[in-house]
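Encoded as C-alpha cells, the structure appears first; notes follow it.
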Amino acid sequence: HELIPLDIEGWLTDECIARYVRARKGVYEDTRKALRKTIEWRAATRPHALRPDVVSVENETGKMYFNGFDKLSRPVIYMYNHRQNTKEADNQIRWVIYTLELCIRHMRPGVEKVSLAIDAAHWGFSNSVAIGTAKKFLEVLANHYPERLGRAVIFLPPKFFVAFYALVSPFIDPVTKAKVAFVNPNAPAAESQKQSENSSSPWIPVEDCFARESLEVDCYGKWAFQYSHPVYWKAI
Numbered sequence: 077h078e079l080i081p082l083d084i085e086g087w088l089t090d091e092c093i094a095r096y097v098r099a100r101k102g103v104y105e106d107t108r109k110a111l112r113k114t115i116e117w118r119a120a121t122r123p124h125a126l127r128p129d130v131v132s133v134e135n136e137t138g139k140m141y142f143n144g145f146d147k148l149s150r151p152v153i154y155m156y157n158h159r160q161n162t163k164e165a166d167n168q169i170r171w172v173i174y175t176l177e178l179c180i181r182h183m184r185p186g187v188e189k190v191s192l193a194i195d196a197a198h199w200g201f202s203n204s205v206a207i208g209t210a211k212k213f214l215e216v217l218a219n220h221y222p223e224r225l226g227r228a229v230i231f232l233p234p235k236f237f238v239a240f241y242a243l244v245s246p247f248i249d250p251v252t253k254a255k256v257a258f259v260n261p262n263a264p265a266a267e268s269q270k271q272s273e274n275s276s277s278p279w280i281p282v283e284d285c286f287a288r289e290s291l292e293v294d295c296y297g298k299w300a301f302q303y304s305h306p307v308y309w310k311a312i
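If you use the numbering used here, the sequence shown corresponds to residues 77 to 312, in order.
Set out below in C-alpha cells:
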C-alpha cells in the first residue's frame, strides 16, 4: 500500500486504463506492468503535489508553458528552447510534469491529448536541452502519459535541428514518432505536401493543427500574446 499515491482514485479512471490498453496494443500483461510502473512512479514523484515555488524558476523566461487550445480543443504547450534559463535536469523534468498535469486539469470533456508547438527557428547548441534531458522527457511522456500526445509540431527546424532530432528519434516509440510534424509557416500548403513526400517526418500546413488567430505571434501565428511570468504564474 505504500506505493499507492494520494491521487490514485482520481487518476486511475476507466479512461486512464483504456489509454494504457491502447498504448500496449491490448496485451494484458504489458498493460498491467505499465500501469504498475506508473503507479510506483506517481507514488515517488507525486506529480499532483509538485510545489509551484520549486518549479517557478524553470519558466521565468517563458521557455515552456500551457496557453490556449488547438483546432481539436487540445491544450497547447508552447516550447521556446532559445529561452532556456536553467541547467538542473531534474527540475526541468519536474516543470514538464507540472505543465502536463496542468493541461490535463484544463482538458475539456472528451479531450485526452495535448499538442506541442515547438519553435525551432532559434534553436542552437548553446541553448539546447541536453540530450539526456530530452530522452528523459520522452520516457516520461511515453511511459507515464501514454496516449496523451496529439501532435508535436516543430516550426522552422534548421538543418542542424533535424540532425539533433535524428539523434533522439531512436528513443521515440513509433506511435509517438508518427505524431511529430515539421512546419514552415511561410510555405503554401502545396509546398508543405511536397516536403512531406521527401521527409521521414511529415511537413504539414500550420492550419492542419492550429488556427492562426489563436496561435502565438512568437510561434508565427496572429495572437499577439507576450509572456509575463508574474502575470502567468498568478493566473495558474
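Just so it is clear, CB atoms sit at the ideal spot from N, CA and C, and this is done for glycine as well.
- The C-alpha of Lys139 lies about 17 Å from the C-alpha of Trp299.
- The secondary-structure analysis by DSSP pairs Phe258 across a beta bridge with Ile230, Trp279.
- For the 7 Å CB-CB criterion, Arg170 and Val216 do not form a contact.
- Annotation: Trp279 to Lys101 spans about 27 Å, alpha carbon to alpha carbon.
- Following the DSSP letters along the chain, one finds Ile173 inside the alpha helix (DSSP H) bounded by residues 165–181.
- Your pair Arg98 and Glu177 does not check out as a contact, with CB atoms roughly 21 Å apart and the cut at 8 Å.
- For Val216, the enclosing alpha helix (DSSP H) begins and ends at 207–220.
- With contacts defined as CB atoms closer than 7 Å, Val256 and Phe231 fail to qualify as a contacting pair.
- In this structure the region 180–193 touches the region 140–159; the number of beta carbon pairs closer than 8 Å is three or more.
- One alpha carbon belongs to Pro250, the other to Ala218, and they sit about 11 Å apart.
- For Tyr303, there is no enclosing beta strand (DSSP E), as DSSP gives it neither H nor E.
- Note on Leu243: under 16 other CB atoms within 10 angstroms of its CB, so exposed under the neighbour-count rule.
- Just measuring C-alpha positions, the residue of His124, Thr107, Glu188 sitting nearest Asp146 is Glu188.
- Within 10 angstroms of the beta-carbon of Ser191 lie 16 or more other beta-carbons, which makes it buried.
- Annotated three-state conformation of Asp195 is strand, per DSSP.
- If you draw a straight line from the Cα of Pro233 to the Cα of Ala239, it comes to about 10 Å.
- With fewer than 16 other beta carbons inside 10 angstroms of its own, Ile207 counts as exposed.
- Taking C-beta atoms as the reference points, Thr114 and His198 fail to come closer than 7 Å.
- In the structure shown, Val187 adopts coil according to DSSP, grouped into three states.
- Judged by their CB atoms, Phe236 and Leu214 are not nearer to each other than the 7 Å cut-off.
- In this structure Asn135 is buried. Its beta-carbon is surrounded by 16 or more other beta-carbon atoms within 10 angstroms.
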